[in-house]
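Numbering (our numbering), first residue to last: 331 to 431.
As structure tokens, the structure follows; a few thoughts come after it.
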Amino acid sequence: MAKQERDVRISLQTLRVLEAFLANPTEQLSGAEVHQQCGIASGTLYPILLRLESAGWFVSKWESIDPSSVGRPRRRLYRLTTTGLRRASELFASFNRGVLA
């Protein structure tokens, strides 16, 4: 089932998450890596990631590793979509213009 682009409620925490991904838009980040960069608690972070993924701004996939070989559970990796990159860039550009879209 294809994800549909939807409007996303933008909070300060959502902006911080988007900022972490905009630092290197092609990079995949786990929730733990986003947490380290933003300092957002997991109870706030993961709903934001899910909301952005449902809106079509992110895609995610499970890391393809053998958990026993690395001694930790697999991580879910998130990446900005083309739509997410465009919308996030527009959002941050609107701050520079002094106008919120």
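The beta carbon of each residue, even a glycine, is placed where N, CA and C say it ideally should be.
Please determine, among the options, the residue with the shortest C-alpha to C-alpha distance to residue i.
i: Gln343; options: Cys368, Gly361, Phe351; result: Cys368
i: Gln366; options: Glu383, Ile395, Ala350; result: Ala350
i: Ala423; options: Gly386, Val338, Leu345, Arg339; result: Leu345
i: Glu393; options: Ser384, Arg409, Ala385; result: Arg409
Taking buried to mean at least 16 other C-beta atoms within 10 Å of its own C-beta, is residue i buried or exposed?
i: Ala353; result: exposed
i: Gly373; result: exposed
i: Ile395; result: exposed
i: Ala332; result: Any reading at Ala332 needs caution, since the residue's pLDDT is 45, under 50, leaving its predicted position unreliable; the model's value is listed next. Ala332 should be labelled exposed.
i: Trp387; result: buried
i: Arg417; result: buried
i: Val338; result: buried
i: Leu379; result: buried
i: Asn426; result: exposed
Give a yes or no on whether the C-beta atoms belonging to residue i and residue j are separated by under 8 Å.
i: Leu407; j: Leu348; result: no
i: Val389; j: Thr411; result: yes
i: Arg405; j: Ala362; result: yes
i: Val364; j: Leu382; result: no
Can you give the beta carbon distance from residue i to residue j, rounded, assuming they're within the 8 Å contact cut?
i: Pro355; j: Leu415; result: 5 Å
| request: Enumerate, from N- to C-terminal direction, the unbroken beta strand (DSSP E) stretches of 3 or more residues contained entirely within the stretch 341-398. | output: 388-392
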